[in-house]
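**Q** Quick one: the structure is below, and I'll ask about it shortly.
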Amino acid sequence: MTWATSAARCFSRRSRLARLTRCFSSPSKTEWEHNTPSPSQFGTYAVLSSKSAMEVYPPPRPVPESIPRPAYVPANFFTAPIWEHLPGGEEVGNEGITLGSREEDGVRAAARMAGEVLRAVGQIVEPGMTTDDIDAVVHEMAVKRGAYPSPLGYSHFPRSCTTSVNNIIAHGIPDSRPLLATDIVNVDITLYYNGFHGDTSATFVLPAADAAGRELVRVTREALELGISVCGPGKSYAGIGKVIEEHARKHGMSVNTQFVGHGIGRKFHAYPHILHHKNHERGLMKSGDCFTIEPPLVQGTRPRGGVWDDGWTVATDTGARSAQFEHQILITETGADVLTRVD
Ligand SMILES: [Co+2]
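What the sequence shown shows, in this note's numbering, is residues 3 to 345, in sequence order.
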């Protein structure tokens, strides 16, 4: 879950907090009942609207004291209302893993665990389940393994994972909307385990999703794999965006540029930023670099999105669907290992 810097500038932490503390009324059940699939140029599916944004956040799911929290979680996050939160720690710095050290073992273990939890979620997602039900499952699996769900308390995020349905590009907040059989849903999981973050996501296709939705998900998965295939020591970071954008365009899709991949390890988000579109960044990969690739592909040629009043959810401007897959990569002496791949 990370913004490109340009987007982050438009949307500061301060304004996010202001939005979160505003008083809203709860979405009524009838609003969900109107949330039915309807045909458009992009297929037949339900378009989520900002009217259905979560308006009152339930308290965060508890995490046992024995599980260490990342430094960015405010000390009173679990005990005080949001407007009383103490400042959390800062998230800055470059990443880099010393190969052959306990550090390498640590980041590999956290990433593998995130991959295992994501795979388990994929096996239980079904129509009728709410995205908050998914959140509960992710949370429980994390704490049972001794891990902290990294999104919980990150910049005041109120839940333990992000769930992004249909026209939501990213950062959807798990809520009370039951999944429809025609939906696609991205679940993005990051776990903090023994001092390291592991970050991965996948888009799951529910049984009655239409052909265009299935194609979007397939092409997005392929785009991530193409991005991974050009990674290795001495390779150009810019090569990742090139192959991803070419693949998207070939299939009549586009790449959202508001979200980037990121360095990761002891920090949730660090440099470098990984661009998923054609670019001229000069950086070269070197052994020990650890980062995510997480291209959000959008149907059609207008991939931009806007933020809902909840301060997090980013929906496409056109109502087109978006899919996303994410893996965490470690550059080794000889190639690139996909740390979150478990199958
Ligand atoms: Co990420």
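Beta carbons are placed, not taken as given, at the ideal position from N, Cα and C, and that holds for glycine.
None of these values were measured; they are calculated from a predicted model.
#1: Quick one: is the Cβ of E92 within less than 7 angstroms of any heavy atom of ligand 1?
#2: Quick check: the region 120 to 128 against the region 211 to 230, are there 3 or more CB pairs under 8 angstroms?
#3: For the beta strand (DSSP E) holding H329, just list the boundary residues, first then last.
#4: Which of the three DSSP states, helix, strand or coil, is assigned to M131?
#5: Exposed or buried, S203, counting other C-beta atoms within 10 Å across all chains shown (16 or more means buried)?
#6: For D190, which of helix, strand or coil comes out of DSSP?
#7: May I ask whether a heavy atom of ligand 1 can be found less than 7 angstroms away from the beta carbon of H264?
#8: Considering only heavy atoms of ligand 1, does any lie closer than 7 angstroms to the CB of T318?
#9: Grab the span of the alpha helix (DSSP H) containing I230 for me, first residue to last.
#10: Identify which residue in G234, G321 and H158 has its Cα closest to the Cα of F80.
#11: Counting pairs of Cβ atoms below 8 angstroms between the region 145 to 161 and the region 281 to 295, do you hit three or more?
#12: Of the residues V75, P66, N37 and S324, which one's Cα is nearest the Cα of R216?
#13: Going along the chain, which residues of its own chain have a beta-carbon closer than 6 angstroms to the beta-carbon of F206, five neighbours each way excluded?
#14: Considering only heavy atoms of ligand 1, does any lie closer than 7 angstroms to the CB of L294?
#15: Is there at least one non-hydrogen atom of ligand 1 closer than 7 angstroms to the beta-carbon of D346?
#16: Do you know offhand how far P72's Cα is from H199's?
#17: Out of G155, A183, N168 and L228, which one is the CA nearest neighbour of T192?
#18: Looking at the unbroken alpha helix (DSSP H) that takes in L120, where does it start and where does it end?
#19: Once the 5 residues before and after G243 are set aside, which same chain residues still bring their CB inside 6 angstroms of it?
#20: By alpha-carbon positions, which one of R268, G102 and F261 ends up nearest to H275?
#21: Would the C-beta of E328 count as close to ligand 1, meaning under 7 angstroms from any of its heavy atoms?
#22: Quick one: using the 10 Å Cβ neighbour count with 16 as the cut-off for buried, is P252 buried or exposed?
#23: Going by DSSP, what residue range makes up the alpha helix (DSSP H) through G350?
**A** For this structure:
#1: no
#2: The answer is no - the region 211 to 230 does not touch the region 120 to 128, with fewer than three Cβ pairs under 8 angstroms.
#3: H329 to I333
#4: coil
#5: buried
#6: strand
#7: yes
#8: T318 has its Cβ no nearer than 7 angstroms to any heavy atom of ligand 1.
#9: Element bounds for I230: A213 to S231.
#10: H158
#11: no
#12: S324
#13: G124, V127 and V187
#14: The displayed chain sequence assigns Thr, not Leu, to residue 294. Yes, the Cβ of T294 comes within 7 angstroms of a heavy atom of ligand 1.
#15: The first residue shown for the chain is 3 and the last is 345, placing residue 346 beyond what the model contains.
#16: 9 angstroms
#17: G155
#18: R104 to I126
#19: Result list for G243: L277, H278, H279, K280 and N281, in chain order.
#20: F261
#21: yes
#22: The amino acid occupying residue 252 in the given sequence is Lys; Pro does not appear at that position. K252 is exposed by the Cβ-count criterion.
#23: The chain is shown only over 3 to 345; residue 350 falls outside these bounds and no answer can be derived.
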